[in-house]
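Asker: Please find one structure pasted underneath; my questions will follow.
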Ligand code: COA
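Residue numbers (my numbering): 1 to 247.
Below, the structure written as structure tokens:
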């Protein structure tokens with residue numbers, strides 16, 4: 001794949017959601033970004049079995065690499081030959097993997113609440129398998145900073161359903177993903193964003209990315225946890241907007 005007609009002043013931003021979520025998770029951030037930069041082209045994708053693709057779950061087991069190929073295929077379907085990838089959690093792992101394996105398709109990276117390795121607590125893996133509905137709420141509650149519980153509950157209540165088993169499948173893919181020693185090969189400019197109170201992918205993970213990616217910046221957002229993109233969409237939009245302007 002080569003850089004094509006969309007290699008313009010205002011690049012396309014492709015948003016990749018995290019485990020158990022869907023494209024809708026990005027709505028507050030997309031609105032905040034569009035208000036600041038109306039010319040930006042924003043494309044939020046659903047992974048197989050998620051959101052609008054609930055009827056198309058694909059195989060029972062997938063890897064982060066499989067998901068990366070799926071995102072690349074969706075970009076191709078949408079006529080996007082290269083983009084800035086904005087990934088949250090599992091979506092960040094997918095974005096980093098695409099940058100490693102299809103560098104021409106990636107103009108830059110915005111990695112939100114993610115890391116180069118995403119081991120998952122065994123109790124979380126078990127809970128998503130054995131009692132998925134309760135686990136979905138509990139894990140989102142863990143993902144919001146203290147004081148944001150009402151917002152966490154409202155988000156879960158508004159979240160479009162996914163096909164059965166998706167949350168567990170996503171987390172199982174995270175658990176075996178590990179690109180800790182590959183980061184030096186990623187040459188694209190990268191922006192790391194993490195909530196200061198993120199318990200799922202702590203700021204240490206973002207710091208590791210910032211220290212090992214050749215061209216990276218790190219911004220830690222106060223009063224936010226793992227769902228920093230929904231907890232502080234305006235602050236995140238300001239950071240992304242500033243970074244885009246300086247590219
Ligand atoms: N970036 C930088 N450092 C990382 C890292 C990353 N992406 N992933 C792990 N590490 C560090 C750990 O902090 C640890 O450092 P330490 O030895 O200084 O404490 C070391 O590497 C080993 O970590 P890990 O291989 O993950 O094993 P572990 O036994 O320390 O921890 C868990 C396993 C599941 C307990 C841990 O990863 C965790 O608490 N995860 C957060 C909760 C979760 O399930 N999140 C879901 C993510 S999608």
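For glycine and all other residues, C-beta sits at the position ideal for the given N, C-alpha and C.
(1) DSSP has residue 219 in a bridge; who is on the other side?
(2) Since residue 25 contacts residue 88 with CB under 8 Å, what's their CB separation in whole angstroms?
(3) Taking residue 237 and residue 36 to be in contact with their CB atoms under 8 Å, please state how far apart those CB atoms are, rounded to whole angstroms.
(4) Have a look at the DSSP bridge pairing and note the partners of residue 88.
(5) Quick test of your reading: residue 54 and residue 161, contact by CB under 8 Å. State the CB separation rounded to the nearest angstrom.
(6) Tell me residue 47's beta-bridge partners as DSSP assigns them.
(7) Where does the unbroken beta strand (DSSP E) through residue 62 begin, and where does it stop?
(8) Could you check whether residue 244 and residue 217 sit closer than 8 Å to each other, using their CB atoms as the reference points?
(9) Of the choices 168, 32, 142, 111, whose alpha-carbon is the least far from that of residue 50?
(10) Enumerate in chain order the residues of its own chain whose CB-to-CB distance from residue 233 is below 8 Å, with the five nearest sequence positions on each side excluded.
(11) Should residue 104 be labelled buried (16 or more other beta-carbon atoms within 10 Å of its own) or exposed?
(12) Under DSSP, the beta strand (DSSP E) around residue 186 begins and ends at which residues?
(13) How long is the line joining the alpha carbons of residue 139 and residue 61, rounded to whole angstroms?
(14) Does the beta-carbon distance from residue 109 to residue 188 come in below 8 Å?
(15) Mind checking whether residue 111 and residue 96 have CB atoms under 8 Å apart?
(16) Cβ atoms of residue 81 and residue 106: under 8 Å apart, would you say?
(17) Measure from the alpha carbon of residue 186 to the alpha carbon of each residue in 48, 93, 40, then state which is nearest.
(18) Am I right that residue 208 and residue 116 are in contact with their C-beta atoms under 8 Å? What's the rounded C-beta distance?
(19) Take the Cβ of residue 183 as the centre, count every other Cβ of all protein chains shown within 10 Å, and call the residue buried at 16 or more, exposed below.
Answerer: Let's see:
(1) Here the question's residue 219 lines up with position 219 in the chain shown. Answer is 193, bridged to residue 219.
(2) Residue mapping note: residue 25 aligns to position 25 of the chain shown, counting from 1. Residue mapping note: residue 88 aligns to position 88 of the chain shown, counting from 1. Going by Cβ atoms, the distance from residue 25 to residue 88 rounds to 7 Å, so yes, they are a contact pair.
(3) The sequence position of residue 237 within the chain shown is 237, counting from 1. The sequence position of residue 36 within the chain shown is 36, counting from 1. Going by Cβ atoms, the distance from residue 237 to residue 36 rounds to 6 Å, so yes, they are a contact pair.
(4) Locating residue 88 in the chain shown gives position 88, counting from the first residue. Its beta-bridge partners are 112.
(5) Mapped onto the chain shown, residue 54 falls at position 54. Mapped onto the chain shown, residue 161 falls at position 161. That pair is a contact at about 6 Å.
(6) Taking the chain shown and counting its residues from 1, one reaches residue 47 at position 47. For residue 47, which the question treats as bridged, DSSP gives no partner whatsoever.
(7) As a working mapping, residue 62 is identified with position 62 in the chain shown. Careful: residue 62 lies outside any beta strand (DSSP E) and carries neither H nor E.
(8) For the purposes of this step, residue 217 is taken as the residue at position 217 of the chain shown. For the purposes of this step, residue 244 is taken as the residue at position 244 of the chain shown. Against a cut-off of 8 Å, the Cβ pair of residue 244 and residue 217 comes out as no contact.
(9) Numbered from its first residue, the chain shown carries residue 50 at position 50. Looking at the Cα atoms, 168 is the closest of the given residues.
(10) Working through the chain shown from its first residue, we reach residue 233 at position 233. So the list reads 28, 29, 31, 32, once near-sequence residues are dropped.
(11) As a first step, residue 104 must be located in the chain shown, where it is residue number 104. Exposed is the call here.
(12) Position 186 of the chain shown holds residue 186. Unbroken run through residue 186: none, as it is neither H nor E.
(13) Along the chain shown, one-based indexing puts residue 139 at 139. Along the chain shown, one-based indexing puts residue 61 at 61. Near 21 Å, if we compare the C-alpha coordinates of residue 61 and residue 139.
(14) Taking the first residue of the chain shown as position 1, residue 109 is located at position 109. Taking the first residue of the chain shown as position 1, residue 188 is located at position 188. Their beta carbons are under 8 Å apart, which means residue 109 touches residue 188 by this criterion.
(15) Position 111 of the chain shown holds residue 111. Position 96 of the chain shown holds residue 96. It is a contact, given that the beta carbons lie within the stated cut-off.
(16) Locating residue 106 in the chain shown gives position 106, counting from the first residue. Locating residue 81 in the chain shown gives position 81, counting from the first residue. No; because the gap between Cβ atoms is not below 8 Å, this pair is not in contact.
(17) By 1-based counting over the chain shown, the position of residue 186 is 186. Among 48, 93, 40, the Cα nearest to that of residue 186 is on 93.
(18) By 1-based counting over the chain shown, the position of residue 208 is 208. By 1-based counting over the chain shown, the position of residue 116 is 116. About 6 Å; that satisfies the 8 Å criterion.
(19) Your numbering for residue 183 matches position 183 in the chain shown. Its Cβ being crowded by 16 or more others within 10 Å, residue 183 is buried.
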